[in-house]
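K.L.:
Take a look at the following structure, please.
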Amino acid sequence: MFNNKVILITGGTGSFGKMYSKILLEKFKPRKIIIFSRDELKQFEMQQVYNADCMRYFIGDVRDQQRLMEAMDGVDYVIHAAAMKQVPAAEYNPMECIKTNIYGAENVIKAAIAHKVDKVIALSTDKAANPINLYGATKLASDKLFVAGNNMVGGRRTRFAVVRYGNVVGSRGSVVPFFKRLISDGASELPITHPDMTRFMITLRQGVEFVLKNFERMQGGEIFVPKIPSMKMTDLATALAPALGQKIIGIRPGEKLHEIMCPADDSHLTLEFSDHYVICPTIQFSFTSDFTINALGETGVPVMPGYEYHSGNNMEWLSQDEFLKMAVDSEVM
Numbered sequence: 001m002f003n004n005k006v007i008l009i010t011g012g013t014g015s016f017g018k019m020y021s022k023i024l025l026e027k028f029k030p031r032k033i034i035i036f037s038r039d040e041l042k043q044f045e046m047q048q049v050y051n052a053d054c055m056r057y058f059i060g061d062v063r064d065q066q067r068l069m070e071a072m073d074g075v076d077y078v079i080h081a082a083a084m085k086q087v088p089a090a091e092y093n094p095m096e097c098i099k100t101n102i103y104g105a106e107n108v109i110k111a112a113i114a115h116k117v118d119k120v121i122a123l124s125t126d127k128a129a130n131p132i133n134l135y136g137a138t139k140l141a142s143d144k145l146f147v148a149g150n151n152m153v154g155g156r157r158t159r160f161a162v163v164r165y166g167n168v169v170g171s172r173g174s175v176v177p178f179f180k181r182l183i184s185d186g187a188s189e190l191p192i193t194h195p196d197m198t199r200f201m202i203t204l205r206q207g208v209e210f211v212l213k214n215f216e217r218m219q220g221g222e223i224f225v226p227k228i229p230s231m232k233m234t235d236l237a238t239a240l241a242p243a244l245g246q247k248i249i250g251i252r253p254g255e256k257l258h259e260i261m262c263p264a265d266d267s268h269l270t271l272e273f274s275d276h277y278v279i280c281p282t283i284q285f286s287f288t289s290d291f292t293i294n295a296l297g298e299t300g301v302p303v304m305p306g307y308e309y310h311s312g313n314n315m316e317w318l319s320q321d322e323f324l325k326m327a328v329d330s331e332v333m
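FYI, the numbering used here numbers position 266 of the sequence shown as 266, with every residue one higher than the one before it.
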């Protein structure tokens, strides 16, 4: 699907963009992979590793619509990964978060339509489901913009979809590097916000491969949610440091006890497939109204009314040994 195609990744110097480029280069022969980001140092560092002839590096900010217009000329597929993601920073700098996550999303949509991009997938987050902090609220708005973008295309071929998943093991700002740093610094105990707190767990490679697959599945307007295992934070801490004690410090502002990826209020829109869920759009499009069969011919069925997919009611749980293997595979152990 990606052979001889031009792929643009916004926020491409982040963990996701690097892994996406790695897998594209391993499995396909793209004509160009365009890394679009605003940090020249990160681009320079990435160029030292990802320097294939097809790689292109564009300095630019998703807030700058004109620069996006220039970057998207001739592009076939877009992965929108650029975002302001740190919850405390977003709370302290709300307009900066809004400019990047909402206005930036609008700019990506307009540039993709103007250049007749074939397909666009935007990365979302569990925090966009029933948001309780500004970051989650801006990502919910972004999700809505990308879904509604399918009604702005007119007769053009461009289609938009969203992928939502939870914690990436070992990603920047996640709990695993934080705990590892405390352990290496000689901490006598690890801080736990709540003894019952759970989180979904996914590796970076799994997240990238899920996005790749959904370029094939998508019709336009879907929010794709992978079925992934959960883990209690107390078990995660024990797996990393079985000899250390644990101290309950209380849930932080903007934090949930369990992650939600398919809210109960969207159960009437949610379809269950063998390895993922799809939250259908609330609005109608001219090109399709049936999402029970995707572009690959996979069939989904409606979930029960009131069903909510969250990390506390999950059917699949990681053991400590399974988590450690996942951490090793993610190169964070």
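The beta carbon of each residue, even a glycine, is placed where N, CA and C say it ideally should be.
Does the distance from the C-beta atom of Phe210 to that of Pro226 stay below 8 Å?
P.N.:
Position 210 of the sequence shown holds residue 210. Position 226 of the sequence shown holds residue 226. Closer than 8 Å, so yes.
K.L.:
Per DSSP, what kind of secondary structure is Ala289 in: helix, strand or coil?
P.N.:
Here residue 289 refers to the residue found at position 289 when the sequence shown is read from its first residue. A quick correction: the sequence has Ser, not Ala, at residue 289. It is coil, neither helix nor strand.
K.L.:
Using the beta-carbon count (16 or more within 10 Å), is Leu68 buried or exposed?
P.N.:
For this step, residue 68 is matched to residue 68 along the sequence shown. Buried.
K.L.:
Compute the distance between the beta-carbons of Ile35 and Tyr57, then report whether it is under 8 Å.
P.N.:
On the sequence shown, position 35 is the one that residue 35 refers to. On the sequence shown, position 57 is the one that residue 57 refers to. Yes, these two residues count as a Cβ contact at 8 Å.
K.L.:
Note the first and the last residue of the continuous alpha helix (DSSP H) segment covering Pro94.
P.N.:
As a first step, residue 94 is located in the sequence shown; it is residue number 94 there, counting from the start. Looking at the DSSP string, the run of the alpha helix (DSSP H) that includes Pro94 is 94–98.
K.L.:
How should Arg252 be labelled, buried or exposed, when 16 other C-beta atoms within 10 angstroms of its C-beta is the threshold for buried?
P.N.:
As a working note, residue 252 is residue 252 in the sequence shown. With fewer than 16 Cβ atoms within 10 Å of its Cβ, Arg252 is classed as exposed.
K.L.:
So Ile202 and Val168 are supposed to be a Cβ contact under 8 Å. How far apart are they, rounded?
P.N.:
Locating residue 202 in the sequence shown gives position 202, counting from the first residue. Locating residue 168 in the sequence shown gives position 168, counting from the first residue. For a cut-off of 8 Å, the C-beta gap from Ile202 to Val168 is around 6 Å, short enough to register as a contact.
K.L.:
Taking the Cβ atom as the reference point for each residue, do Ile109 and Phe146 lie within a distance shorter than 8 Å?
P.N.:
For the purposes of this step, residue 109 is taken as the residue at position 109 of the sequence shown. For the purposes of this step, residue 146 is taken as the residue at position 146 of the sequence shown. Yes.
K.L.:
What is the DSSP secondary structure of Gly250, counted as helix, strand or coil?
P.N.:
Mapped onto the sequence shown, residue 250 falls at position 250. In this structure, Gly250 counts as coil in the three-state DSSP scheme.
K.L.:
How would you write the range of the alpha helix (DSSP H) that Phe2 sits in, first residue to last?
P.N.:
In the sequence shown, residue 2 corresponds to position 2, counting from 1. No alpha helix (DSSP H) contains Phe2, which DSSP labels as neither H nor E.
K.L.:
Restricting to Cα atoms, I'd like to know which of Ala141, Ala241, Phe287, Pro242 is closest to Arg159.
P.N.:
Walking along the sequence shown from the start, residue 159 turns up at place 159. The option with the nearest alpha carbon to Arg159 is Phe287.
K.L.:
Rounded to whole angstroms, what is the Cα-Cα separation between Lys180 and Leu190?
P.N.:
Counting from one through the sequence shown, the residue named residue 180 turns up at place 180. Counting from one through the sequence shown, the residue named residue 190 turns up at place 190. Their backbone Cα atoms lie some 10 Å apart in a straight line.
K.L.:
Counting pairs of Cβ atoms below 8 Å between the region 12–19 and the region 76–90, do you hit three or more?
P.N.:
yes
K.L.:
I'd like the list of long-range same chain contacts for Met19, defined as Cβ closer than 7 Å, with 5 residues on each side in sequence excluded.
P.N.:
The residue labelled residue 19 in the question sits at position 19 within the sequence shown. Within the same chain, Met19 has close Cβ partners Leu204, Arg205, Val208.
K.L.:
Closer than 8 Å is the cut-off here; do at least three beta carbon pairs connect the region 306–319 with the region 265–272?
P.N.:
yes
K.L.:
How would you label Pro195, buried or exposed, when you count the other beta carbons within 10 angstroms and need 16 or more for buried?
P.N.:
Translated into positions along the sequence shown, residue 195 becomes position 195. Classification for Pro195: exposed.
K.L.:
Is Cys54 closer than 8 Å to Ile33 when the C-beta atoms are compared?
P.N.:
The residue labelled residue 33 in the question sits at position 33 within the sequence shown. The residue labelled residue 54 in the question sits at position 54 within the sequence shown. Yes, these two residues count as a Cβ contact at 8 Å.
K.L.:
Quick one: what does DSSP say Ile283 is sitting in, helix, strand or coil?
P.N.:
The count along the sequence shown starts at 1 and reaches residue 283 at position 283. Coil.
K.L.:
When the distance is taken between beta carbons, is Lys116 closer than 8 Å to Arg157?
P.N.:
As a working mapping, residue 157 is identified with position 157 in the sequence shown. As a working mapping, residue 116 is identified with position 116 in the sequence shown. Yes.
K.L.:
On a Cα-Cα basis, can you pick out the residue from Asn151, Asp329, Ala112 that is closest to Ala71?
P.N.:
Residue numbering aside, residue 71 sits at position 71 when the sequence shown is read from its first letter. Across the set Asn151, Asp329, Ala112, the C-alpha of Ala112 shows the shortest separation from the C-alpha of Ala71.
K.L.:
Hey, quick one: how far does the beta strand (DSSP E) through Pro195 stretch, first residue to last?
P.N.:
On the sequence shown, residue 195 is found 195 positions in, with the first residue counted as 1. Neither: Pro195 is in no beta strand (DSSP E) and is coded neither H nor E.
K.L.:
Do the CB positions of Gly166 and Arg199 come within less than 8 Å of each other?
P.N.:
For this step, residue 166 is matched to residue 166 along the sequence shown. For this step, residue 199 is matched to residue 199 along the sequence shown. Going by C-beta atoms, Gly166 is nearer than 8 Å to Arg199.
K.L.:
Use the C-beta contact count for Asp73: other C-beta atoms within 10 angstroms, 16 or more gives buried, fewer gives exposed.
P.N.:
If you number the sequence shown from 1, residue 73 lands on position 73. Label assigned to Asp73: exposed.
K.L.:
Output the distance between the C-alpha atoms of Met333 and Glu40, rounded to the nearest integer angstrom.
P.N.:
Within the sequence shown, the letter at position 333 stands for residue 333. Within the sequence shown, the letter at position 40 stands for residue 40. Reliability of the predicted coordinates at Met333 is poor, the pLDDT of 49 falling under 50, and the value obtained from them is presented with this limitation in mind. For Met333 and Glu40, the distance between alpha carbons rounds to 29 Å.
K.L.:
What separation, rounded to the nearest whole angstrom, lies between the Cα atoms of Met261 and Ile279?
P.N.:
Taking the first residue of the sequence shown as 1, we reach residue 261 at position 261. Taking the first residue of the sequence shown as 1, we reach residue 279 at position 279. Approximately 10 Å, taken between the alpha carbons.
K.L.:
Arg56 by DSSP, collapsed to three states: which one?
P.N.:
Reading the sequence shown from its first residue, position 56 is the one you call residue 56. Arg56: strand per DSSP, three-state reduction.
K.L.:
If we count the other Cβ atoms within 10 Å of its Cβ and call it buried at 16 or more, is Ser188 buried or exposed?
P.N.:
In the sequence shown, residue 188 corresponds to position 188, counting from 1. Flag for Ser188 reads exposed.
K.L.:
In angstroms with no decimal places, state the Cα-to-Cα distance between Thr299 and Ala239.
P.N.:
As a working mapping, residue 299 is identified with position 299 in the sequence shown. As a working mapping, residue 239 is identified with position 239 in the sequence shown. If you take the alpha carbons of Thr299 and Ala239, they lie about 38 Å apart.
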